[in-house]
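Inspection log for the structure reproduced underneath, given as structure tokens.
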Amino acid sequence: MIIRFKLNGEEKIIDIPATKRAIDLLRENFGLLKNKASCYQGACGNCSVLIDDRIVSSCSVLAFDLRGRSVVTAEGFMKTEEYQRINHLFQKNQYDPCDFCRWGKIFAIHEFLHSEERVDGSALTHALKGNQCNCTSPTLLLSVAEQIVEAERKMNAGRQHERSARK
Ligand code: FES
Ligand code: FES
């Protein structure tokens, strides 16, 4: 079965078996190994990617269902300025999640950033709850996520203000 989709900004066409999962396509066919697979049941968040800019557990999606869609993996997101800013605040707060849960957390923050949700603890906690992790402090993650969301929204408001001042 041949599918065409966008992967990290590039058009891809590939022949795949109908039962192949998206996470396996990304890792095995495209060598994109930063997004991991652990539970294969949609429970841990380790295989999170962005599909049409929404966070999705790629173990729960058939590769076939990627046709016509835009997929961003860790490798693609690392090239963005937004990632640099998120990573900067992770480092500044000495928050260093492992390679398994890291991307589920980053993509959850990304999705929250682009939502209309107000920055309050419960909405962010809800956004981050898809990532199983018992080894870093959830309080620190929440605090870092709040800082990221506030900094990004402040920056976007500043840019908007500049644009309207130029008109
Ligand atoms: S491997 Fe996909 S959610 Fe755990
Ligand atoms: S599972 Fe990655 S730091 Fe806890």
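The sequence shown runs 273 to 439 under this note's numbering. Ideal Cβ positions, reconstructed from N, Cα and C, are used throughout, including at glycine. From a predicted model like this one, the values you see are computed outputs, not experimental measurements.
Quiz prompt | Span of the beta strand (DSSP E) around V333 | solution = Neither: V333 is in no beta strand (DSSP E) and is coded neither H nor E.
Practice problem: Check each candidate in E347, V343 and E422 and name the one with the smallest Cα separation from I381. | Solution: The shortest CA-to-CA distance from I381 to any of E347, V343 and E422 is the one to E422.
Quiz item: Can you tell me the Cα-Cα spacing of G281 and V343, whole angstroms?
Solution: G281 and V343 have their C-alpha atoms roughly 8 Å apart.
Practice problem: Give me whichever residues DSSP pairs with K284 in a beta bridge. | Solution: In the DSSP secondary-structure assignment, K284 is bridged to F277.
Quiz item: With respect to 8 Å, is the separation between the Cβ of A315 and the closest non-hydrogen atom of ligand 1 below this value?
Solution: Flag set: Cβ of A315 near ligand 1.
Quiz item: Under a three-way DSSP split, which group does S320 fall into?
Solution: Of the three classes helix, strand and coil, the one that applies to S320 here is strand, per DSSP.
Quiz item: Out of M273, K401, D325 and L361, which has the shortest C-alpha to C-alpha gap to F336?
Solution: In this structure, M273 is the residue among M273, K401, D325 and L361 with its C-alpha nearest to the C-alpha of F336.
Exercise. Report yes or no: do three or more beta-carbon pairs, one from the region 404-419 and one from the region 344-356, lie closer than 8 Å?
Key: When Cβ pairs closer than 8 Å are counted between the two stretches, the region 404-419 is seen not to touch the region 344-356, the count staying below three.
Practice problem: Have a look at V323 and S436 and give me their C-alpha separation to the nearest angstrom. | Solution: Checking the displayed sequence, the identity of residue 323 turns out to be Ile instead of Val. Straight-line spacing of the CA atoms in I323 and S436 works out to 32 Å.
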